[in-house]
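Per our numbering, the very first residue in the sequence shown carries number 2; after that it's consecutive. Where a beta carbon is used, it is the ideal one built from N, C-alpha and C, also for glycine. See structure below.
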Amino acid sequence: MKYDNNNIFAKILRSEIPCKKIYEDDFVLSFYDINPQKKIHALVIPKGKYVDLDDFSEKASPDEMVGLLKGISFVAKKLGISVDTGKGYRALANISEHGGQEVPHLHFHLFGGEKVGKMVE
Ligand code: 5GP
Numbered sequence: 002m003k004y005d006n007n008n009i010f011a012k013i014l015r016s017e018i019p020c021k022k023i024y025e026d027d028f029v030l031s032f033y034d035i036n037p038q039k040k041i042h043a044l045v046i047p048k049g050k051y052v053d054l055d056d057f058s059e060k061a062s063p064d065e066m067v068g069l070l071k072g073i074s075f076v077a078k079k080l081g082i083s084v085d086t087g088k089g090y091r092a093l094a095n096i097s098e099h100g101g102q103e104v105p106h107l108h109f110h111l112f113g114g115e116k117v118g119k120m121v122e
């Protein structure tokens, strides 16, 4: 799938749409989900233009890959939901149609602050 420069997260990355920012560095931007599904529901997205995890795995540089993983852990610590700072969390990436992905820019959901519940419905 070709990357759509007009997807909502691309607009957030370009600051055309506001977000409640949690963290930003050279590789990732993290912000709160507009429609939280749990007490804490954050999103972590790479700054590069990747549609989904498969696209990212195929094309991202090693630095971008490390940056995304470290970004996820850093945000979890910052939000007080990591193993170090809290009671744990769920990181989840939806991929394409059967995965239920709505926004075609790779993103990880971080759910926490309470028991997250069953893994799938
Ligand atoms: P997906 O279903 O693609 O894995 O998740 C997309 C997520 O993006 C949803 O949880 C949805 O609530 C969130 N979302 C959609 N539009 C916006 C927006 O404009 N701002 C923020 N912060 N989150 C959004």
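Skipping 5 residues on each side, what residues in its chain have a beta carbon closer than 7 Å to that of residue i?
i   : result
G81 : G87
G49 : A61, E65
N36 : none
S74 : S83
Can you check whether the CB of residue j is closer than 9 Å to the CB of residue i?
i   : j    : result
F28 : G72  : yes
K3  : G114 : no
D53 : I13  : no
Cα-Cα, which of the options is closest to residue i?
i    : options               : result
A94  : G118, D85, A43        : A43
K79  : I13, K3, K22          : K22
H110 : Y4, L30, A11          : L30
V45  : C20, E59, D56         : C20
Q38  : V117, V121, E122      : V117
D5   : M120, P105, K119      : P105
Y51  : V76, F10, G100, L107  : L107
G101 : G113, E115, E122, P63 : E122
I120 : E17, Y90, E98, E103   : Ile is not the amino acid found at residue 120; the sequence shown has Met there. Among E17, Y90, E98, E103, the Cα nearest to that of M120 is on Y90.
A92  : L70, I18, E59         : L70
F151 : I18, F10, A11, D34    : In the structure as shown, the chain begins at 2 and stops at 122. Residue 151 is therefore absent and cannot be evaluated.
Please list, in chain order, all residues of the same chain as residue i whose beta carbon is under 8 Å from its beta carbon, the five residues on each side excluded.
i   : result
G68 : D26, D27, F28, V29, P47
F57 : P47, G49, Y51, E65, M66, L69, L107
Pull up the CB-CB distance for residue i and residue j, whole angstroms please, since I reckon it's below 8 Å.
i   : j   : result
Y24 : V84 : No, Y24 and V84 are not in contact; Cβ-Cβ is about 18 Å, not under 8 Å.
Who are the near neighbours of residue i in its chain, counting only those whose CB is closer than 6 Å to its CB and skipping five residues on each side?
i    : result
E103 : none
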